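Worksheet: the structure to be examined is printed underneath.
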Amino acid sequence: MSLITVPVPHIAIGLDHHLMPVLGFGTAASPPPKPLLLKQTVLDAIRLGYRHFDTSPRYLTEESLGEALAEAVSLGLVGSRSELFVTSKLWCADAHGGLVVPAIQRSLK
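Per this note's numbering, residue 92 is the first one in the sequence shown, and the count goes up by one each step.
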């Protein structure tokens, strides 16, 4: 059996018009995936060509996703972290005054 590849559309983002794939790999599941399973799944997704990942503090997947992305870079699955994109969300409970920046910092950690 042969693998069929399909080009993924990209959009230009940022001042440098960096190209981001519009197709992302979601990490939401109920119940949340076990951390090691999620890490392996993300690494497999990167091997298959995914470069855009969707997460949220509510999914309980941000930490494992971050570890998988760091491992992908260290294993040479991607040339650099700049090839990878992460979409996360600000939970509504954190969308108030002084809670926004700390919530974003936790997601970026």
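Idealized CB from N, CA, C, for every residue including glycine.
Predicted model only: the values in this text are computed from it and were never measured.
#1: Would Pro124 and Thr152 be called neighbours here (beta carbons separated by less than 8 Å)?
#2: Restricting to Cα atoms, I'd like to know which of Asp135, His187 and Val113 is closest to Leu160.
#3: What do you reckon, are the CB atoms on Arg142 and Leu175 nearer than 8 Å?
#4: Should Ser121 go down as buried or exposed, given a rule of 16 or more other Cβ atoms within 10 Å for buried?
#5: Count the other CB atoms, across all protein chains shown, that sit within 10 Å of the CB of Ser165; report buried if there are 16 or more and exposed otherwise.
#6: Closest to Glu154 by C-alpha separation, out of Pro126, Gly170 and Gln131, would be which residue?
#7: Short check: CB of Ala194 to CB of Tyr150, under 8 Å?
#8: Once DSSP output is grouped into helix, strand and coil, what is the label at Asp107?
#9: Suppose you measure from the CA of Ser93 to the CA of Leu139; what does that come to, to the nearest Å?
#10: So the alpha helix (DSSP H) Val191 belongs to, where does it begin and stop?
Let me lay it out:
#1: It is a contact, given that the beta carbons lie within the stated cut-off.
#2: Asp135
#3: Result yes, Cβ atoms of Arg142 and Leu175 sit closer than 8 Å.
#4: Flag for Ser121 reads exposed.
#5: exposed
#6: Pro126
#7: no
#8: coil
#9: 14 Å
#10: From DSSP, the alpha helix (DSSP H) with Val191 extends over Val191 to Leu199.
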